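Notes follow once the structure below has been shown.
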Amino acid sequence: MAALVASEKQIQSVCASALKNGRQITHADFFGIGVARRSMALSAGFRTLVEAKNGIAAVPLVRIHLDTVLRLYAAYFVKDHHQFCYDVFQGMQVDRMKDDDGNLMKDGYLRDRVAKSNPWIVEVYKKTSGAVHFSNRHIFEAVRPKNDEENAEIGDFSMFIGSEDVFRAPDDYREPMRCMHHLNLIIGFGLADWFGRMCAPDGPTMDAEEYWAKFDAQEAAIDEDEDPAFTTT
């Protein structure tokens, strides 16, 4: 949990530093600030729900947080990112806009394009989308066979109606927490690049490779031992 809090503070620090330089504020700045605000709120809300042992409400926030990452990437996929940010500011939906190759930026398209550099996103997207829409996983959160056998007869079940996860162990929150932390790190580094290069009225101030060279060590730290994924049902 401490790592999650630290990653939230990193996002806040990136924004604070970016807004101190006194330059003209653009719609790209507003876009980045909106990404940061949503990210910190979702991450803090996720922590609160995990502490309350409310996984049914916590896991969908991972999917919503992933949506924030996809839309931050989308801003890099367009020909004119300032126009993109202005259009978002005016209320246009991202999934009705096109990328630099003329493709509509639907969620599935953004997922697959971002997955080229972050393959784990595909599985997390699938698992967390299943947590958003009502499915059998929500039934199994309320009803469990007493003997853990699939063919248990009616009457051999434990049932629970309430907000806490009585059928889950603390380790069951590990992967969702790793995913939120990983997404926070991506957003923190992404916003550092965004505010550092992309928000000036005249366009990017330097090449991405030049800017990101100083983040090599931090980028490697995102993937501590393995990519995050949901291994629990």
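Numbering (UniProt numbering), first residue to last: 1 to 233.
For each residue, glycine too, the CB sits at the ideal point set by N, CA and C.
No experiment lies behind these values; they were computed from the predicted model shown.
Specify the secondary structure class of residue i as computed by DSSP and reduced to three states.
i: A201; result: Here residue 201 is Pro; the residue named in the question, Ala, does not match the sequence. DSSP places P201 in coil when its eight states are reduced to three.
i: L104; result: strand
i: T231; result: Bear in mind that a pLDDT of 49 at T231, under 50, signals an unreliable position, so the model cannot answer this.
i: K126; result: helix
i: S117; result: coil
i: D225; result: With a pLDDT of only 47 at D225, under 50, the local geometry of the prediction cannot be trusted, and the value read off the model is given with reservation. In the structure shown, D225 sits in coil (DSSP, three-state: anything other than H, G, I, E or B).
i: K98; result: strand
i: S17; result: helix
i: S43; result: helix
i: F89; result: helix
i: S158; result: strand
i: V62; result: helix
i: V143; result: strand
i: E164; result: coil
i: A217; result: Residue placement at A217 cannot be trusted, given a pLDDT of 48 that sits under 50; what the coordinates show is reported in the next sentence. A217 falls in the helix class under three-state DSSP.
Using the Cα positions of residue i and residue j, report the straight-line distance between them to the nearest angstrom.
i: A2; j: F30; result: 28 angstroms
i: H82; j: M97; result: 13 angstroms
i: V124; j: Y173; result: 14 angstroms
i: G108; j: C85; result: 21 angstroms
i: F46; j: R113; result: 26 angstroms
i: K79; j: N136; result: 42 angstroms
i: D171; j: M105; result: 36 angstroms
i: A41; j: T128; result: 18 angstroms
i: G34; j: W120; result: 25 angstroms
i: F189; j: Y76; result: 14 angstroms
i: L19; j: N118; result: 29 angstroms
i: A217; j: F195; result: Caution is warranted here: a pLDDT of 48 is assigned to A217, below 50, making its placement in the model unreliable, and no coordinate value can be reported.
i: V122; j: R178; result: 15 angstroms
Nearest by alpha-carbon distance to residue i: which of the options is it?
i: S163; options: I33, I56, L19; result: I56
i: L49; options: L61, L185, N136; result: L61
i: I11; options: K53, S39, K20, F89; result: S39
i: residue 290; options: E141, W194, R178, L185; result: Since the displayed the chain opens at 1 and closes at 233, residue 290 lies outside it and no answer follows.
i: E8; options: G34, R23, S43; result: S43
i: R111; options: D67, Q90, I139, G102; result: D67
i: D88; options: K126, L185, I139, T26; result: What sits at residue 88 in the sequence shown is Val, not Asp. Taking only the C-alpha atoms, the option nearest V88 is T26.
Using the Cβ count rule (16 or more neighbours within 10 Å means buried), how would you classify residue i?
i: P201; result: exposed
i: P176; result: buried
i: T231; result: Confidence at T231 is low in this model, with a pLDDT of 49, below 50, so its placement is unreliable and no value can be given for it.
i: D100; result: exposed
i: R37; result: exposed
i: N21; result: exposed
i: A169; result: exposed
i: G91; result: exposed
i: R23; result: exposed
i: T233; result: With a pLDDT of 38 at T233, under the threshold of 50, the modelled position of that residue is not reliable, and the figure given next carries that caveat. Under this definition T233 is an exposed residue.
i: G32; result: buried
If contacts are defined as beta-carbon pairs under 8 angstroms, then residue i and residue j qualify, I think. What distance do you get, rounded to the angstrom?
i: M159; j: H65; result: Actually they do not touch by this definition, with Cβ atoms about 31 angstroms apart.
i: A115; j: V94; result: With 8 angstroms as the limit, A115 and V94 do not qualify as a contact, their Cβ atoms being about 17 angstroms apart.
i: L183; j: V69; result: 5 angstroms
i: P145; j: F157; result: 6 angstroms
i: V14; j: L191; result: 5 angstroms
i: A28; j: C199; result: 4 angstroms
i: R63; j: A131; result: 7 angstroms
i: L72; j: I187; result: 6 angstroms
Would you say residue i reaches chain C, if we count a Cβ-Cβ gap shorter than 8 angstroms as a contact?
i: V78; result: You won't find chain C in this structure, because it holds only one protein chain.
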